[in-house]
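Q: Below you'll find the structure I mean.
Residue numbers (my numbering): 187 to 555.
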C-alpha cells in the first residue's frame, strides 16, 4: 500500500513528473480533497476485502485506476503545440514530445498544428462548401463578400485568398470563438478599406501588389488588436473586375481611355519631333537675319564714311568734285550699255545716219539674258 500512498500523496500537492513546478492553488486543494476522499474509500474497501469477495473487487478497482492513470500520456508531434486545461482553466503549454497530464475529467489536452498554413477564400468558393461541390475551374461567386466600391466610385468584384497560421495557441483558443470566421470577416473589412481608397485602374494593374501588402498589414493589425494569436502569411488577389452586368460597358470605357491615351501619345511624339526642328529653323533664320543686319550696317557705315569723305573734298573744291562725281556716275552707267557717239562739231543741217537696228537687237539680247 506504500506505492498507493506515495502516488496520491498526503502533502496537499499533486504534480506530474513531466510538468513544471507550481504553487498550490484553490484547484489544487479541491483536487487534494477529491483524491483524499478516494483514498479513504479504497482503504475502506481494502479493510473490508479481507472478508469474502472484496479482493476481486479491489483488483478490478486497481486495474481501472491504472488504466485511467495511463491514459494521461500523450504525444505532441513536430509542428504541433498543446495546452493543458484543468477544469477548463489554462495550466501549461506542452511542447513537442511525450507529455503527461492528469486524465479526464480533471485535465484536458487541446492540440493544434501551429505550422500548418490555412487558407480562407473571400468573394468566391472553389471547394466543397455547404455540401455542394464546386469544381476549381468554376468557382462560385459570393456577391455579398466580393462587391466593393473603389476610390473613384466604381463598383468592382474582388476575389482574394488569405493565408494564415497560428502564432500563439493560448490566444488562438481562448480569445477567438471561431478563428476562421474572424479571419474572413477581418480580411473582408481590410480589403474594403484599401479598395475604397484605390482607383480601379490602379487596383487592376500596377497597384495590385501594393493593395495586397496594405491589406495584409491592416489585417494583421486588426487581429493583433483582438489578440487572436494568428499570423497573416500572405494575401493574394485573384480577381479585380467590374460586375458581369456592366463589364461590357466598362471595357468600352477602358477602350476609349486607351484610344485617348494613344492619341495623346501620338500628339506628344509629333510635338517632340516638330518642335526641335521648328526651333532649329527659327534659330537659323534669326542667325541669317542677324548676319544680314550686320552686313547692312557695315555697308551703310561704309557709305556714310565715303560720303563724309567726299563731302569734305566737295567743301574744298566744289566744281572739281562735282565734275568727278558726274564722270564716275556716268562711267558706272555707261560701262554696261551700248553707246552711240556723235560728233558735236557736226553741221546741224546734216541729218546723221544712225544704224539703230543692230543696236536695238543687241539691247534685246542683253535684256533676255
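For glycine and all other residues, C-beta sits at the position ideal for the given N, C-alpha and C.
All of these numbers come straight from a predicted model, not from anything done at the bench.
Can you give me the C-alpha to C-alpha distance between residue 244 and residue 251, rounded to a whole angstrom?
A: Mapped onto the chain shown, residue 244 falls at position 58. Mapped onto the chain shown, residue 251 falls at position 65. Approximately 10 angstroms between the Cα atoms of the pair.
Q: I need the DSSP call for residue 444, collapsed to helix, strand or coil.
A: For this step, residue 444 is matched to residue 258 along the chain shown. If DSSP states are grouped into helix, strand and coil, residue 444 belongs with the helices.
Q: Mind checking residue 334: buried by the 16 CB within 10 Å criterion, or exposed?
A: Sequence index remark: in the chain shown, residue 334 carries index 148 (1-based). Buried: at least 16 other Cβ atoms inside 10 Å.
Q: With 7 angstroms set as the bound, which would you pick, yes or no: does the beta-carbon of residue 263 sit closer than that to a beta-carbon of chain B?
A: In the structure shown, chain B cannot be found, because there is only a single protein chain.
Q: Is any non-hydrogen atom of the ligand HEM found closer than 6 angstroms to the C-beta of residue 379, if you look at the structure I gave you?
A: Looking at this structure, you won't find the ligand HEM or any other ligand, since it has none at all.
Q: Pop quiz: residue 268 and residue 294 are said to be a contact at Cβ under 8 angstroms. What is the actual Cβ separation, rounded to whole angstroms?
A: Numbered from 1 along the chain shown, position 82 holds the residue referred to as residue 268. Numbered from 1 along the chain shown, position 108 holds the residue referred to as residue 294. The pair is not a contact, with the Cβ atoms about 10 angstroms apart (cut-off 8 angstroms).
Q: Between residue 282 and the rest of its own chain, which residues show a CB-CB distance below 7 angstroms, the 5 nearest in sequence each way excluded?
A: Counting from 1 along the chain shown, the entry for residue 282 is found at position 96. Once the five neighbours on either side are set aside, the close Cβ partners of residue 282 are 262, 263, 264, 266.
Q: DSSP beta-bridge partners for residue 350?
A: Translated into positions along the chain shown, residue 350 becomes position 164. The partner list for residue 350 (beta bridge, DSSP) reads 304, 418.
Q: So, with DSSP's three-state summary, where would you put residue 273?
A: To locate residue 273, count along the chain shown from 1; it is residue 87. Three-state result, residue 273: coil.
Q: Confirm, please, whether the CB-CB distance from residue 369 to residue 301 is below 7 angstroms.
A: Start at 1 with the first residue of the chain shown, and residue 301 comes out as number 115. Start at 1 with the first residue of the chain shown, and residue 369 comes out as number 183. No, the pair does not count as a contact, with Cβ atoms beyond the cut-off.
Q: Determine which residues share a DSSP beta bridge with residue 296 and list them.
A: Along the chain shown, one-based indexing puts residue 296 at 110. Partner(s): 269.
Q: So the alpha helix (DSSP H) residue 558 belongs to, where does it begin and stop?
A: Missing from the structure shown is residue 558; the chain here goes from 187 to 555 and no further.
Q: Near residue 500, which residues of its chain fall below 6 angstroms by C-beta distance, leaving aside the five closest residues on each side in sequence?
A: In the chain shown, the residue the question calls residue 500 occupies position 314. Excluding residues within five positions, the ones whose Cβ falls inside 6 angstroms are 507.
Q: Using beta-carbon positions only, say whether residue 254 and residue 304 come within less than 7 angstroms of one another.
A: Numbered from 1 along the chain shown, position 68 holds the residue referred to as residue 254. Numbered from 1 along the chain shown, position 118 holds the residue referred to as residue 304. Taking 7 angstroms as the Cβ cut-off, residue 254 and residue 304 do not qualify as a contacting pair.
Q: Looking at C-alpha atoms only, which residue of 260, 337, 343, 258 is the closest neighbour of residue 433?
A: Residue 433 sits at position 247 when you count from the first residue of the chain shown. When each option's Cα is compared against that of residue 433, the closest is 343.
Q: To the nearest angstrom, how far is the alpha carbon of residue 347 from that of residue 455?
A: Residue mapping note: residue 347 aligns to position 161 of the chain shown, counting from 1. Residue mapping note: residue 455 aligns to position 269 of the chain shown, counting from 1. Taking the straight line from one Cα to the other gives about 43 angstroms.
Q: Under 7 angstroms, do residue 421 and residue 390 count as touching if we go by C-beta distance?
A: Along the chain shown, read from residue 1 onward, the residue named residue 421 stands at position 235. Along the chain shown, read from residue 1 onward, the residue named residue 390 stands at position 204. In this structure, residue 390 does not lie closer than 7 angstroms to residue 421 by Cβ.
Q: Cα separation between residue 288 and residue 374?
A: In the chain shown, residue 288 corresponds to position 102, counting from 1. In the chain shown, residue 374 corresponds to position 188, counting from 1. Whole-angstrom Cα-Cα distance: 42 angstroms.
Q: Considering just the uninterrupted stretch of the beta strand (DSSP E) at residue 334, what are its terminal residues?
A: Locating residue 334 in the chain shown gives position 148, counting from the first residue. Note, residue 334: beta strand (DSSP E), 333-335.
Q: On the DSSP bridge list, what partners appear for residue 427?
A: As a first step, residue 427 is located in the chain shown; it is residue number 241 there, counting from the start. DSSP, once it has assigned bridges, lists 343 as partnering residue 427.
Q: Restricting to Cα atoms, I'd like to know which of 276, 438, 402, 377 is closest to residue 356.
A: Taking the first residue of the chain shown as position 1, residue 356 is located at position 170. Cα-wise, what sits closest to residue 356 is 276.
Q: With residue 441 and residue 384 assumed to form a contact (beta carbons below 8 angstroms), what rounded beta-carbon distance in angstroms separates them?
A: Taking the chain shown and counting its residues from 1, one reaches residue 441 at position 255. Taking the chain shown and counting its residues from 1, one reaches residue 384 at position 198. With a Cβ gap of about 22 angstroms, residue 441 and residue 384 do not count as contacting.
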